[in-house]
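Each residue of the sequence shown is one higher than the one before, starting from 1 at the first, in full-length UniProt numbering. Data block below; observations after.
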Amino acid sequence: MLKKILHQTHLWMGLLSSLIVFILGITGCILAFVDEIKPVVYKSHFYVESTIPDHERQSFSTLLDHAEQHWGAEKQVSAVEIENNPQRTWHFRAYKEDDNDGIWYWNEKKYYESLFINPYTAANVYSENAEFEFFRVILYLHWSLLFKNDIGQPIVGTATLFFVLLLLTGLYLWWPKNKKARRVRFWFRWKNKTGIKRKNYDLHNILGFYSFTIALILGLTGMIWAFPWFDESVQQVLNKIENKAPETVLAKPIQSQAHLNTNHSVYDNILNEVQVTYPDAHAYYFYFPQKEEAPLNVYIRYEKSYASIIRQYDVKKGHLQKTIDFSSKNYGEKMRALNYDIHLGSILGIPGKMLVFLASLIAASLPVTGFYIWYNRRKKKKKKA
Numbered sequence: 001m002l003k004k005i006l007h008q009t010h011l012w013m014g015l016l017s018s019l020i021v022f023i024l025g026i027t028g029c030i031l032a033f034v035d036e037i038k039p040v041v042y043k044s045h046f047y048v049e050s051t052i053p054d055h056e057r058q059s060f061s062t063l064l065d066h067a068e069q070h071w072g073a074e075k076q077v078s079a080v081e082i083e084n085n086p087q088r089t090w091h092f093r094a095y096k097e098d099d100n101d102g103i104w105y106w107n108e109k110k111y112y113e114s115l116f117i118n119p120y121t122a123a124n125v126y127s128e129n130a131e132f133e134f135f136r137v138i139l140y141l142h143w144s145l146l147f148k149n150d151i152g153q154p155i156v157g158t159a160t161l162f163f164v165l166l167l168l169t170g171l172y173l174w175w176p177k178n179k180k181a182r183r184v185r186f187w188f189r190w191k192n193k194t195g196i197k198r199k200n201y202d203l204h205n206i207l208g209f210y211s212f213t214i215a216l217i218l219g220l221t222g223m224i225w226a227f228p229w230f231d232e233s234v235q236q237v238l239n240k241i242e243n244k245a246p247e248t249v250l251a252k253p254i255q256s257q258a259h260l261n262t263n264h265s266v267y268d269n270i271l272n273e274v275q276v277t278y279p280d281a282h283a284y285y286f287y288f289p290q291k292e293e294a295p296l297n298v299y300i301r302y303e304k305s306y307a308s309i310i311r312q313y314d315v316k317k318g319h320l321q322k323t324i325d326f327s328s329k330n331y332g333e334k335m336r337a338l339n340y341d342i343h344l345g346s347i348l349g350i351p352g353k354m355l356v357f358l359a360s361l362i363a364a365s366l367p368v369t370g371f372y373i374w375y376n377r378r379k380k381k382k383k384k385a
């Protein structure tokens, strides 16, 4: 009786979430290696033309002035990404949120543009409307199905929850009852006469079993983003284990809108300070304050996201106000910081990303093979009737 109930549950959750799980799996494959793919695909505007710069780099204030002149008064610079590589261009962003009645993710912004500048000549290398940049569209297809967050996130979260339950019920239904059943559950035993239906059945079950652990981790870490209540619950449980009061930690400020009128030379001093203090960092991201009393947030990025550091500065005087690193966080905040690297697989480096790529590819295949199993069984029942 239990098996019959779980079988029906598995079937209907699979049918309801199949298309979304397929989309999440395919986009997940791309996003697993997005940091490795983009410098290759966008080499022309990620790197300066000469391998060795002919002269000294322009100052931060000069390049910032240039970006402001490029966009004019209508659009304001909100952030700049500075890679710790002398051959890379500087990436300036102009971003402003918008509230309207649209349902799509680009309805949330009045504008979101990118400008890549040669830091040695202050010349424009490339500019674009970042809302329609390929990898950003892939990211938001994975994140919210290209809907606004308040619409798309619950849909993606529900499909992810179904996916986690599908994995658990699938494991129960797959579990072999005896030694004879185990012989065909762990590997493909195909012969020349093995039909397509049997091969499809084995692909669904065997690949599903071997990808179970990684796929379950991907589902649970995805739910942390999709459902605030799940994120808060995980953090509360971990904080109770640690028995340490949570601190208010600034999240990565990706949506700062505009920097204030201030002495741009302050940014030169701050950049010099973080480069001297963290010379081994992968990049330095400046997120300009939106309000008069708000600090400048400098995100010192490392290859593993959880190891990155946030430093807050007084933009008027350039004084350091606060440093937030991984060690200063409680258990709940550490888990939240680790979530990105776990979900992407980067916590284990390239091998981890390869595991996530394969698990995402298999996850995308499971709705297809599962649907084919259901379709053939339904067809068979109709013939019997």
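Where a beta carbon is used, it is the ideal one built from N, C-alpha and C, also for glycine.
Beta-carbon contacts of residue i that lie in its chain and below 8 Å, excluding the five residues immediately before and after
| i | result |
| --- | --- |
| Gln8 | none |
| Ala122 | Gln58, Thr62, Leu63 and His66 |
| Leu167 | Gly208, Phe212, Ala215, Leu216 and Gly219 |
| Asp98 | Asn107, Glu108, Lys109 and Lys110 |
| Leu304 | Reading off the sequence, residue 304 comes out as Lys, not Leu. Taken in chain order, the residues that qualify are Asp341, Ser346 and Ile347. |
| Phe33 | Lys353 and Phe357 |
| Glu133 | Ser114 |
| Pro39 | Phe46 and Tyr47 |
Cut-off 7 Å between Cβ atoms - residues of its own chain near residue i, not counting five sequence neighbours on either side
| i | result |
| --- | --- |
| Asp314 | Pro295 and Gln321 |
| Leu141 | Ile23 and Thr27 |
| Tyr201 | Ile373 |
| Leu115 | Ala67, His70, Phe92, Asn124 and Ser127 |
| Tyr100 | Residue identity differs from the one stated: residue 100 is Asn in this sequence, not Tyr. Closer than 7 Å at the Cβ level, and outside the excluded window around Asn100, lie Asn107. |
| Lys381 | none |
| Ala359 | Ser211, Ile214, Ala215 and Leu218 |
| Gln153 | Ser144 and Ala226 |
| Ala94 | Trp71, Lys75, Gln76, Val77, Ser78, Tyr111 and Glu113 |
| Thr169 | Leu6, Thr9 and His10 |
Candidates the options, of which the one nearest residue i by Cα
| i | options | result |
| --- | --- | --- |
| Tyr112 | Lys96, Ser127 and Asn124 | Lys96 |
| Gly222 | Ile155, Trp71 and Glu56 | Ile155 |
| Ala215 | Ile342, Phe60 and Lys75 | Ile342 |
| Phe357 | Thr27, His319, Ser114 and Leu16 | Thr27 |
| Asn239 | Lys193, Lys329, Phe209 and Val298 | Lys329 |
| Pro289 | Phe371, Leu168, Val77 and Glu56 | Val77 |
| His10 | Ser127, Phe60 and Leu161 | Leu161 |
| Glu273 | Ile300, Ala79, Ser365 and Glu292 | Ile300 |
| Glu83 | Ser17, Tyr284 and Leu15 | Tyr284 |
| Asp150 | Pro228, Ser44, Thr277 and Phe33 | Pro228 |
| Met13 | Ala159, Asn376 and Lys148 | Ala159 |
| Ala79 | Tyr267, Gly152 and Gly332 | Tyr267 |
| Trp225 | Gly349, Trp143, Val41 and Lys38 | Trp143 |
| Ser308 | Ala337, Phe286 and Lys291 | Ala337 |
| Ile117 | Asn243, Gly72, Thr89 and Thr194 | Thr89 |
| Asp325 | Ser365, Asn178 and Gln312 | Gln312 |
| Ile350 | Glu232, Asp35 and Arg189 | Asp35 |
| Ser265 | Val276, Thr277, Phe230 and Gly318 | Gly318 |
| Pro279 | Val368, Asn85 and Asn339 | Asn85 |
| Ser18 | Arg378, Lys383, Lys384 and Pro367 | Pro367 |
| Ser233 | Leu6, Leu16 and Tyr331 | Tyr331 |
| Glu81 | Ser365, Val237, Tyr302 and Ser327 | Tyr302 |
| Phe163 | Thr323, Leu15, Lys199 and Lys384 | Leu15 |
| Ile37 | Pro119, Ile5, Arg136 and Asn129 | Arg136 |
| Glu56 | Tyr120, Leu361 and Leu6 | Tyr120 |
| Gly157 | Arg378, Val276 and Phe230 | Phe230 |
Extent of the continuous beta strand (DSSP E) run through residue i
| i | result |
| --- | --- |
| Ser127 | Asn124 to Asn129 |
| Glu113 | Lys109 to Ile117 |
Residue interval of the alpha helix (DSSP H) (run including residue i)
| i | result |
| --- | --- |
| Arg198 | Ile196 to Tyr210 |
| Ser59 | First-last for Ser59: undefined, no H or E at that position. |
| Arg136 | Phe134 to Ser144 |
| Asn155 | For clarity, residue 155 is Ile in the given sequence; the question names Asn instead. Asn149 to Trp174 is the extent of the alpha helix (DSSP H) around Ile155. |
| Ile37 | Val34 to Val41 |
| Lys240 | Pro228 to Glu242 |
Nearest-angstrom Cβ-Cβ length linking residue i and residue j, presumed shorter than 8 Å
| i | j | result |
| --- | --- | --- |
| Lys109 | Glu131 | 6 Å |
| Ile270 | Ile138 | With a Cβ gap of about 33 Å, Ile270 and Ile138 do not count as contacting. |
| Leu146 | Trp104 | 6 Å |
| Val21 | Ala281 | Between Ala281 and Val21 the Cβ distance is about 36 Å, and since that is not below 8 Å, they are no contact. |
| His204 | Gly370 | 6 Å |
| Lys193 | Asn376 | Not confirmed; about 18 Å, so no contact. |
| Leu173 | Lys291 | With 8 Å as the limit, Leu173 and Lys291 do not qualify as a contact, their Cβ atoms being about 55 Å apart. |
| Ile206 | Trp175 | Wrong, their Cβ atoms sit about 13 Å apart, outside the cutoff. |
| Lys199 | Trp190 | 6 Å |
Same chain, Cβ closer than 6 Å to residue i, five either side skipped, listed in chain order
| i | result |
| --- | --- |
| Phe60 | Tyr267, Asp268 and Leu271 |
| Arg378 | none |
Note down, one range per segment and in chain order, each alpha helix (DSSP H) of at least 4 residues found wholly within the stretch 297-355. 331-344, all fully within the stretch 297-355.
Unbroken stretches of the beta strand (DSSP E), 3 residues or longer, contained in the stretch 62-99: Fully enclosed beta strand (DSSP E) runs of no fewer than 3 residues occupy 77-83 and 90-97 of the stretch 62-99, in order along the chain.
With a floor of 3 residues, list each beta strand (DSSP E) that falls wholly inside the stretch 275-300, ordered by position along the chain. Runs found: 283-287.
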